Amino acid sequence: MQRPTIEYPCEWQFRVIGEQDEAIRAVIAEVFGDREHTVKAGNVSSSGRWRSIEVSAQVQDEADRDAKFQQLSEAEAVRAVV
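In the numbering used here, the protein residues as written are 1 to 82.
This is the structure we're talking about:
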């Protein structure tokens, strides 16, 4: 299979999953800092334990996109990033 061709810079959406809305939003604010980004509530699991928050921001290249993904993934408050 071939990897899709992505034209950079582009708007990229990350779905950040964790238990506490405020903690997830704090991680997003820390990772993206002054970079323009939008944040919106996503889904909540049927048990109410997990929630997702969607963040969109422009990424300059694959390395930039991967770095943001890694930073989000490594945060203690984050269970997964998709």
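Glycine residues also receive a C-beta, built at the ideal position from the N, C-alpha and C atoms.
From a predicted model like this one, the values you see are computed outputs, not experimental measurements.
Let me make sure I understand the geometry here. Which of Glu62, Ser47, Ala23 has the alpha-carbon closest to that of proline 4? Within the sequence shown, residue 4 is the residue found at index 4, counting from 1. Minimum Cα distance to proline 4 is reached at Glu62.
Give me the residue from Val31, Gly18, Ile6, Ala23 with the minimum Cα distance to glutamine 71. As a working mapping, residue 71 is identified with position 71 in the sequence shown. Among Val31, Gly18, Ile6, Ala23, the Cα nearest to that of glutamine 71 is on Val31.
To the nearest angstrom, how far is it from the Cα of serine 84 to the Cα of arginine 15? Absent from the structure is residue 84, since the part of the chain shown begins at 1 and ends at 82.
Would you tell me roughly how many angstroms separate the C-alpha atoms of glycine 18 and arginine 35, rounded to the nearest one? The residue given as residue 18 occupies position 18 in the sequence shown. The residue given as residue 35 occupies position 35 in the sequence shown. Going by the C-alpha atoms only, they are around 22 angstroms apart.
Looking only at its chain, what residues have a beta carbon closer than 6 angstroms to the beta carbon of tryptophan 75, apart from the 5 residues adjacent to it on each side? Position 75 of the sequence shown, counting from 1, holds the residue named residue 75. With the sequence shown as reference, residue 75 is identified as alanine, and tryptophan is not the correct amino acid for it. Closer than 6 angstroms at the Cβ level, and outside the excluded window around alanine 75, lie Val27.
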